[in-house]
Amino acid sequence: MLENWHKKVKRVIDDMENIHFEPLPERVDMQVIKDGVGLDPTFQMINDYNKLISLCYETWQYHFEFLNLGYAAYLDFFGFCKEVFPGIPDLSVAKMVQGIDVDLFRPDDELKKLAKLAISFGLEKCFEKKDVNEALRCIALEENGGNWLQAWEKAKHPWFNYTSGNGFYSSDKYWIEHLDIPYGYLKNYVEKLQRGEVIDRPTQALEAERDRITAEYAESLDDEAREVFEGKLGLARVVFPYVENHNFYIEHWAMGVFWKKTRELSGMLKEQGFWKEESDMYYFRREEILQILFDYGNSWAVGVPAVGPAVLQEEITRRKKIVDALATAPPQPAFNNPPKVVTEPFTIMLWGITTEAVESWLGGDEKTGHMKGMPASPGLVEGYARIINDASELDQLKQGEVLVTRVTAPSWAPVFNKIVATVTDIGGMMSHAAIVCREYGLPAVTGTGSASTQIKTGMKIRVDGGKGTVEVLEELVEA
228 MLENWHKKVK RVIDDMENIH FEPLPERVDM QVIKDGVGLD PTFQMINDYN KLISLCYETW
288 QYHFEFLNLG YAAYLDFFGF CKEVFPGIPD LSVAKMVQGI DVDLFRPDDE LKKLAKLAIS
348 FGLEKCFEKK DVNEALRCIA LEENGGNWLQ AWEKAKHPWF NYTSGNGFYS SDKYWIEHLD
408 IPYGYLKNYV EKLQRGEVID RPTQALEAER DRITAEYAES LDDEAREVFE GKLGLARVVF
468 PYVENHNFYI EHWAMGVFWK KTRELSGMLK EQGFWKEESD MYYFRREEIL QILFDYGNSW
528 AVGVPAVGPA VLQEEITRRK KIVDALATAP PQPAFNNPPK VVTEPFTIML WGITTEAVES
588 WLGGDEKTGH MKGMPASPGL VEGYARIIND ASELDQLKQG EVLVTRVTAP SWAPVFNKIV
648 ATVTDIGGMM SHAAIVCREY GLPAVTGTGS ASTQIKTGMK IRVDGGKGTV EVLEELVEA
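Quick note, my numbering runs 227 ahead of the 1-based positions in the sequence shown.
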């Protein structure tokens with residue numbers, strides 16, 4: 228089943244790669260007419276656009292195929308534990324499936340391998356360069372530089388098909404197209420190794436803690452219940468990596484290709500005068516793009532100017548103002564009249580939306596400087612906060628700071644070697660922030676609702692990942 232899933236996703240990626248958008252020719256080649264093709268280039272252009280949208284939709288079908296499988300098995304195990312171990316903390320259940328090895332961590336792991344290889348080859352001086360191209364040129368001149376560059380190229384395919392965001396937005400930057408992003412993380416790892424620091428995830432410690440907790444709870448069961456417990460746990464451990472693994476292949480690799488192709492289309496229409504910037508196309512809905520393509524194709528066929536270039540820029544400007552205005556204020560965590568009791572498991576486990584949390588958000592009864600959220604990853608630390616609202620701001624993080632954000636993306640893992648804890652507005656026990664923090668051995672409190680607006684960069688805060696609390700210790704704000 229897993230092998231078949233990989234084949235399906237790779238086929239979709241290849242199909243998207245084979246789609247190309249080029250300007251309509253000045254005239255159709257005579258051979259097309261002689262061959263009786265019967266179709267002009269506008270048919271292919273519109274058909275390719277529809278195919279691209281369809282392939283994207285197909286990709287997300289496969290996303291949910293494995294995501295739901297992982298969650299279903301874990302929720303079944305979670306419910307069983309709550310039944311046979313009254314009062315068991317949610318975090319204890321989560322710890323029983325920690326210590327996972329998933330493909331989503333491979334891009335980060337590849338950078339760590341490259342950093343270690345650079346140290347062993349004596350290439351440290353090249354990583355003093357700030358520019359990735361300068362560093363690569365420096366490496367090429369070194370004795371073992373060729374071998375390192377081979378490893379670099381091998382890691383790029385497919386592991387650099389990885390976004391600094393979450394893959395949901397056209398503005399997300401992918402490593403394969405912006406090598407300065409992975410180089411920045413790699414440079415940091417080389418510097419850490421030079422200082423004698425450990426850059427590997429604490430996998431052995433996580434596995435030891437996992438096995439200890441599992442054994443303690445299993446001992447309290449009779450033989451019959453223990454057999455059921457071990458069966459459900461075994462299934463959860465087998466499929467739980469799918470919860471994270473699908474992200475690399477769908478949100479990162481497949482969506483990276485999708486956005487690349489849409490930029491190709493937008494660039495082509497920009498050349499035809501439909502808008503001024505390549506990003507302008509993303510202010511239109513996908514069905515509107517079909518109308519724009521028809522306008523372009525129809526004007527080409529008839530030999531008259533297209534309507535779009537004369538009217539679309541005004542609409543783009545109007546919509547830009549709306550988006551910019553919306554970006555000035557974060558959304559409220561809750562509105563209107565929610566259900567009296569939140570019971571839907573995905574809502575609780577993935578998003579951290581509980582009955583108590585909603586009541587707190589709507590009531591506005593949070594004490595200033597004291598926040599409560601999900602105890603997502605254990606540990607107690609104090610540190611200075613760094614508010615991050617977008618992946619483009621990650622380079623602002625300094626060593627030893629606490630990452631405070633609305634929601635993290637799985638691709639932020641490489642910065643976890645800089646931070647000491649994570650606090651999010653959104654997310655439950657099974658959110659990416661929670662899972663990644665547990666695997667990296669960092670405290671995390673998720674689902675606070677408003678930490679990213681209550682806390683300011685430079686404030687000293689205390690994060691208790693075991694209790695799910697965040698406390699502001701010093702109000703001093705530093706830029």
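A virtual CB, placed ideally from N, CA and C, is assigned to each residue, including glycine.
TODO: Output the boundary residues of the beta strand (DSSP E) element that contains Tyr779.
DONE: A query on residue 779 cannot be resolved here, the shown segment of the chain reaching from 228 to 706 and no further.
Task: 8 Å Cβ shell around Val324 - same chain, five flanking residues per side excluded - done: Tyr301, Phe304, Arg437, Leu460, Ala463, Arg464 and Phe467
- [ ] Would you check if the stretch 392-400 and the stretch 631-638 touch, i.e. whether three or more CB-CB distances between them fall below 8 Å?
- [x] yes
Task: Reference Gly692, options Lys683, Gln681 and Thr675, closest by Cα - done: Thr675
Task: Whole alpha helix (DSSP H) elements within the stretch 236-315, 4-residue minimum - done: 257-261 and 268-311
TODO: Can you give me the Cβ contacts of Ser347 inside the same chain, cut-off strictly under 8 Å, excluding the 5 residues immediately before and after it?
DONE: none
Open item on the list: Would Ile614 and Thr555 qualify as a contact pair, given that the criterion is a beta-carbon distance under 7 Å?
Closed with: no
TODO: Please list, in chain order, all residues of the same chain as Glu369 whose beta carbon is under 6 Å from its beta carbon, the five residues on each side excluded.
DONE: Hits under 6 Å: Leu350.
- [ ] Please state whether DSSP places Pro602 in a helix, a strand or coil.
- [x] If DSSP states are grouped into helix, strand and coil, Pro602 belongs with the strands.
Task: Coarse secondary structure for Lys400, derived from DSSP in three states - done: coil
Task: Beta-carbon proximity list for His233, same chain, < 8 Å, skipping 5 on both sides - done: Scanning its chain for C-beta atoms nearer than 8 Å, with the 5 sequence neighbours on each side dropped, one finds around His233 the residues Tyr476, in chain order.
Task: Rounded C-alpha distance that separates Asp330 from Trp287 - done: 18 Å
Open item on the list: Just to confirm, is the Cβ distance from Ala452 to Val320 under 7 Å?
Closed with: no
- [ ] Find the nearest neighbour of Glu457 within the set Lys567, Phe307 and Val259, judged by alpha-carbon distance.
- [x] If we check each option's Cα against that of Glu457, Phe307 comes out closest.
- [ ] State the Cα-Cα distance for the pair Thr680 and Gly596, rounded to the nearest angstrom.
- [x] Thr680 and Gly596 have their C-alpha atoms roughly 11 Å apart.
Task: Environment of Phe643 [buried if 16+ CB atoms lie within 10 Å] - done: buried
TODO: Using the Cα positions of Met482 and Thr649, report the straight-line distance between them to the nearest angstrom.
DONE: 26 Å
Task: For Lys599 and Gly695, believed in contact at Cβ under 8 Å, the rounded distance - done: 6 Å
Task: Where the alpha helix (DSSP H) containing Thr574 begins and where it ends - done: Pro572 to Trp578 is the extent of the alpha helix (DSSP H) around Thr574.
Task: Residues near Cys353 in its chain [Cβ-Cβ closer than 6 Å; skip 5 each side] - done: Ala362, Cys365 and Ile366
- [ ] Pull up the CB-CB distance for Trp527 and Thr269, whole angstroms please, since I reckon it's below 8 Å.
- [x] 7 Å
- [ ] Have a look at Ala612 and Phe521 and give me their C-alpha separation to the nearest angstrom.
- [x] 51 Å
Open item on the list: Comparing C-alpha positions only, which one of Pro385, Trp402, His384 and Trp386 sits nearest to Val359?
Closed with: Closest by alpha carbon: Trp402.
Task: Cβ separation of Arg490 and Glu504, assumed to be a contact under 8 Å, to the nearest whole Å - done: Their Cβ separation, rounded to whole angstroms, is 11 Å, which puts Arg490 and Glu504 out of contact at 8 Å.
TODO: Measure the Cβ-Cβ separation of Ile240 and Val484 and say whether it is below 7 Å.
DONE: yes
Open item on the list: According to DSSP, simplified to helix, strand and coil, what is His384?
Closed with: helix
Open item on the list: For Ala197 and Trp386, what's the separation of their Cα atoms in angstroms?
Closed with: The structure shown does not extend to residue 197, since the chain spans only 228 to 706, so no value can be given for it.
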